[in-house]
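Novice: Protein chains in written order, with the numbering used here: chain A, 2 to 154; chain B, 2 to 154.
We put the CB at the ideal spot given by N, CA and C, even for glycine.
My questions will all concern the structure given below.
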DNA sequence: TTGAATCGGGACTAAAATGGTACTGATTAG
DNA sequence: CTAATCAGTACCATTTTAGTCCCGATTCAA
């Protein structure tokens with residue numbers, strides 16, 4: 002099964018939880034409580050998300066976290082990248098010459114194409130989309146038509 | 002980084018290698034040599050691919066492997082599924098109630114949508130596509146327009 | 001000024017997945 | 001009958017991942 006790490010999965014839940022109360026500063030404890038995740042885990046996630054510039058932190062009493070930008074301006078891709086680094090499904094890009102046949106180039110090219118499709122799909126889903134009930138969502142469709150235009154060349 | 006396991010990556014290389022010599026029976030040793038992968042690793046991969054019905058095996062002297070179907074009828078998705086099971090990026094489907102808010106439903110829905118895009122993209126790339134040089138490939142484009150039609154509803 | 005609440009950063013541990021290896025048995029061709 | 005080859009299983013080492021803990025820094029408020 003292709004997968005995203007469990008922490009990344011959690012991160013989307015945490016981000017959605019924060020997005021559900023915009024303009025409120027939520028403490029780690031509140032978020033952990035609401036999401037039913039362990040507090041140290043949530044803390045670690047928020048630290049990472051903060052480094053990525055996705056949430057703002059406030060120290061001291063009544064401190065906590067808030068979205069750094071409106072939910073509509075934060076994409077699923079950014080959350081994934083914050084936790085896992087650049088989006089990609091293989092390590093072809095880094096490791097060299099494990100198969101020097103011309104066929105291998107085709108393999109690499111195909112994977113890169115898959116990566117690109119996935120990346121665009123992730124980029125097309127915003128945090129605001131994730132807040133909405135799962136029906137009648139249309140942003141992915143929009144993204145795919147853009148994508149079609151782009152890859153037709 | 003989102004990823005597919007290294008073995009899955011290897012499997013695509015092995016499959017492409019076999020596809021490059023259609024109607025020939027290649028031994029594990031030949032394939033290992035051509036792909037620069039360890040022989041036991043290739044052996045393990047081929048067994049798995051055989052179970053999935055993607056390659057045919059022949060025992061005994063001059064035995065080996067051959068594609069079970071034409072390369073154009075084998076998709077990247079099938080290779081991935083053979084190695085990793087059903088395609089999906091999260092385990093939301095199995096684990097229950099880790100977050101009982103309505104927001105969580107949005108998260109799950111979004112991930113399922115991503116899964117679907119990815120699945121379709123993988124299904125749109127055939128082994129024959131991977132044999133071709135990486136320029137002027139058009140199948141993904143075709144697939145995306147189909148996909149657009151499908152998700153527009 | 002003091003203390004409590006809270007984030008920040010890093011180190012650490014335990015568990016799981018992964019990749020790779022070895023060995024033994026079954027099958028087939030010559 | 002023998003050598004070549006696939007089939008199956010069990011095993012081990014390494015890496016990655018998840019999760020926890022600790023302590024310092026910061027802020028608010030009494």
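(1) Classify residue 26 of chain A as helix, strand or coil using the three-state DSSP reduction.
(2) With which residues is residue 76 of chain B paired in a DSSP beta bridge?
(3) Quick one: is residue 104 of chain B near chain A, going by C-beta distance under 8 Å?
(4) Might you give, ordered along the chain, the residues of its own chain that have their beta carbon closer than 8 Å to the beta carbon of residue 13 of chain A, omitting 5 neighbours on each side?
(5) Suppose you measure from the CA of residue 57 of chain B to the CA of residue 47 of chain B; what does that come to, to the nearest Å?
(6) May I ask you to list, following chain order, the residues of the region 67-86 of chain B that have a beta carbon less than 8 Å from some beta carbon of chain A?
(7) How long is the line joining the alpha carbons of residue 98 of chain A and residue 109 of chain A, rounded to whole angstroms?
(8) From residue 115 of chain B to residue 7 of chain A, what does the alpha carbon distance come to, in whole angstroms?
(9) Take the Cβ of residue 50 of chain B as the centre, count every other Cβ of all protein chains shown within 10 Å, and call the residue buried at 16 or more, exposed below.
(10) Give me the subset of the region 43-55 of chain A whose CB atoms are less than 8 Å from a CB atom of chain B, sorted by chain position.
(11) Please name the residues in the region 111-124 of chain A whose beta-carbon is closer than 7 Å to at least one beta-carbon of chain B, in chain order.
(12) Using a Cβ-Cβ cut-off of 8 Å, state whether residue 26 of chain B counts as contacting chain A.
(13) Classify residue 74 of chain B: buried if its beta carbon has 16 or more other beta carbons within 10 angstroms, exposed otherwise.
(14) Using a beta-carbon distance below 8 Å, is residue 34 of chain B in contact with chain A?
(15) Could you tell me the boundaries of the beta strand (DSSP E) in which residue 65 of chain A lies?
(16) Just mark residue 24 of chain A as buried or exposed, buried being the case when its beta carbon has 16 or more other beta carbons within 10 Å.
(17) Taking 8 Å as the threshold (C-beta atoms), are residue 40 of chain B and residue 159 of chain B in contact?
(18) For residue 55 of chain A, which option in A/63, A/62, A/67 and A/61 has the closest C-alpha, if you only look at C-alpha atoms?
(19) If you compare alpha carbons, which of A/35, A/125, A/133 and A/5 is closest to residue 15 of chain A?
(20) Please confirm whether residue 117 of chain B and residue 126 of chain A have their CB atoms less than 8 Å apart.
(21) Which residues mark the beginning and the end of the beta strand (DSSP E) in which residue 56 of chain A is found?
(22) Cβ closer than 8 Å: which chain B residues qualify as neighbours of residue 126 of chain A?
(23) Tell me which same chain residues have a C-beta within less than 6 Å of the C-beta of residue 164 of chain B, skipping the five on either side of it?
(24) Kindly list the residues whose CB is nearer than 6 Å to the CB of residue 4 of chain A, restricted to its own chain and excluding five residues on each side of it in sequence; keep chain order.
(25) Do you know how far the Cα of residue 122 of chain B is from the Cα of residue 120 of chain A?
(26) Check residue 133 of chain B in the structure and name its three-state DSSP category.
(27) Say whether chain B places a C-beta atom closer than 8 Å to the C-beta of residue 12 of chain A.
(28) Please report the Cβ distance between residue 9 of chain B and residue 84 of chain B, rounded to the nearest whole angstrom; I am assuming they are in contact, meaning their Cβ atoms lie under 8 Å.
(29) Tell me the DSSP secondary structure of residue 110 of chain B in three-state form.
(30) Tell me which same chain residues have a C-beta within less than 6 Å of the C-beta of residue 33 of chain A, skipping the five on either side of it?
Specialist: Looking at the coordinates:
(1) coil
(2) B/127
(3) Low confidence applies here, because residue 104 of chain B scores a pLDDT of 47, under 50, leaving its location unreliable; read the following figure in that light. Yes, residue 104 of chain B lies at the interface with chain A (some Cβ there is under 8 Å from its Cβ).
(4) 77, 80 and 131.
(5) 9 Å
(6) 77, 81, 85 and 86
(7) Bear in mind that the predicted position of residue 98 of chain A carries a pLDDT of just 44, short of 50, making it unreliable; the figure below should be weighed with that in mind. For residue 98 of chain A and residue 109 of chain A, the distance between alpha carbons rounds to 11 Å.
(8) Distance between the alpha carbons of residue 115 of chain B and residue 7 of chain A: 16 Å.
(9) By the neighbour-count rule (16 or more Cβ atoms within 10 Å), residue 50 of chain B is buried.
(10) none
(11) 111, 114, 115, 118, 119, 122 and 123
(12) Not closer than 8 Å to any Cβ of chain A, the Cβ of residue 26 of chain B fails to qualify, so no.
(13) exposed
(14) no
(15) 65-68
(16) exposed
(17) The requested residue 159 of chain B does not occur in the structure, where chain B is confined to residues 2 to 154.
(18) A/67
(19) For the set A/35, A/125, A/133 and A/5, the Cα lying nearest the Cα of residue 15 of chain A is the one of A/35.
(20) With a cutoff of 8 Å on beta-carbon distance, residue 117 of chain B and residue 126 of chain A are scored as not near each other.
(21) 56-59
(22) 111, 114 and 115
(23) There is no way to answer for residue 164 of chain B, as the model of chain B reaches only from 2 to 154.
(24) Excluding positions up to five away in sequence, the list is empty.
(25) 12 Å
(26) The answer is coil: DSSP assigns residue 133 of chain B none of H, G, I, E or B.
(27) no
(28) 4 Å
(29) helix
(30) Only 40 and 43 meet the Cβ criterion.
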